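> Heads up, the sequence shown is in the numbering used here, so the first residue is 4 and it goes up one at a time. The C-beta atom is built at its ideal place from N, Cα and C for all residues, glycine as well. Remember, predicted model here, so these are calculated numbers, not experimental data.
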Amino acid sequence: MFDVSFWELLIIGAIALVVVGPERLPRLVRTVGLWAGRARASFQSIRDEVEREVNAEGLRETQKALKRQARETEKTVSDAVETPASTVKSAAKEATDADRPRTGTDGEQS
């Protein structure tokens with residue numbers, strides 16, 4: 004994130020040694036290190052949370068797409084089943100009608 008070279012760290016350390024003094028410098032470095040670690044952990048936690056939310060949104064979109072595809076497939080299958088079923092029903096009705104004797108206008112069979 005921050006690009007700090009060795010020489011920059013050395014200059015910062017020298018300035019801190021002059022300002023804080025040699026007695027309190029180790030405690031200051033330790034405290035700064037702890038705060039930096041906590042800040043890094045907090046940023047990592049926030050990053051992980053954002054990634055989880057993004058993944059959850061992606062999963063929701065995938066779920067919607069799968070449900071839409073399932074509805075389309077179900078409609079296609081039901082249409083494919085209904086068409087032959089209606090054809091069979093109409094053929095059965097025609098066959099039943101053909102087996103019945105037909106009567107003319109005067110009541111005689113033809």
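1) Just checking my contact of G19 with L37 at CB under 8 Å: how many whole Å lie between their CB atoms?
2) Can you grab the Cα-Cα spacing for the pair W10 / G16, in whole Å?
3) Using the Cα positions of Q47 and V35, report the straight-line distance between them to the nearest angstrom.
4) Might you give, ordered along the chain, the residues of its own chain that have their beta carbon closer than 7 Å to the beta carbon of S45, omitting 5 neighbours on each side?
The answer reads as follows:
1) The residue you call residue 19 lines up with position 16 of the sequence shown. The residue you call residue 37 lines up with position 34 of the sequence shown. Strictly speaking, residue 19 in this sequence is Ala, with Gly absent from that position. Not really, about 16 Å apart at Cβ, beyond 8 Å.
2) Numbered from its first residue, the sequence shown carries residue 10 at position 7. Numbered from its first residue, the sequence shown carries residue 16 at position 13. Using only the alpha carbons, I get a separation of about 10 Å.
3) Within the sequence shown, numbered from 1, the residue matching residue 47 stands at position 44. Within the sequence shown, numbered from 1, the residue matching residue 35 stands at position 32. One C-alpha to the other measures close to 18 Å.
4) As a first step, residue 45 is located in the sequence shown; it is residue number 42 there, counting from the start. Around S45: no qualifying Cβ.
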